[in-house]
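One point on numbering: in full-length UniProt numbering, the residue at position 55 of the sequence shown is 55, and numbering is uninterrupted.
No residue lacks a Cβ here, since even glycine has one placed at the ideal position from N, Cα and C.
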Amino acid sequence: MNYSIKVLLASVIALLFAHSAYAQQITVLNKQGQPTADLVVYLQPHHDANLVVDFVPVKAEVHQKDKQFSPYITVVQKGQEVAFVNEDDITHHIYSALGLEAIFI
């Protein structure tokens, strides 16, 4: 990630958190000023003492319909349960480019 994107992202995050403790949406722009599609941004505290852990994960659901995942991207935390619902009339298999341990972390 180049310097200008880091500065822009840091500025946007600072502005969001100045108004709200929980950011709902962050838009990352490419070099042409257009929103970047299919991108996940996550934040980590600089110090573990600032980590908020009041999140109670719910079961995530990813549907397979018309040979595609819906939603296209699903963000979960380590240990969170994910259900894959097959809405197609064919059997699907789910693989990870990182190997089996990447699916069952």
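Coil, strand or helix - Ala37 by DSSP: In the structure shown, Ala37 sits in coil (DSSP, three-state: anything other than H, G, I, E or B).
Quick check: what's the CA-CA separation for His93 versus Ser70? CA-CA distance, His93 to Ser70, rounds to 15 Å.
Since Ala68 and Phe84 are thought to touch, with beta carbons under 8 Å apart, how far apart are those beta carbons, to the nearest angstrom? Residue identity check: residue 68 is Gln in the sequence provided, not Ala. With 8 Å as the limit, Gln68 and Phe84 do not qualify as a contact, their Cβ atoms being about 12 Å apart.
Could you say which of Val62, Glu87, Thr74, Gly79 lies nearest to Val41 if we only look at CA atoms? Here the closest residue by C-alpha is Thr74.
Helix, strand or coil at Asn50 according to DSSP, with G and I counted as helix: DSSP places Asn50 in the helix class (H, G or I) of the three-state scheme.
Who are the Cβ neighbours of Asp88 in its own chain at under 8 Å, not counting the five residues just before and after it? Around Asp88: Gln64, Lys65, Asp66, Lys67.
Collapsed DSSP secondary structure at Asn86 in the structure displayed: DSSP places Asn86 in strand when its eight states are reduced to three.
Considering Glu61, what are the terminal residues of the beta strand (DSSP E) in which it resides? Counting along the chain, Glu61 sits inside the beta strand (DSSP E) bounded by residues 60 to 65.
Hey, out of Asn50, Ile26, Asn86, His47, whose CA is closest to Thr36's CA? Answer by Cα proximity: Ile26.
Given a cut-off of 8 Å on the beta-carbon distance, is the pair Pro45 and Leu39 in contact? With respect to Leu39, Pro45 sits apart: the two C-beta atoms are not nearer than 8 Å.
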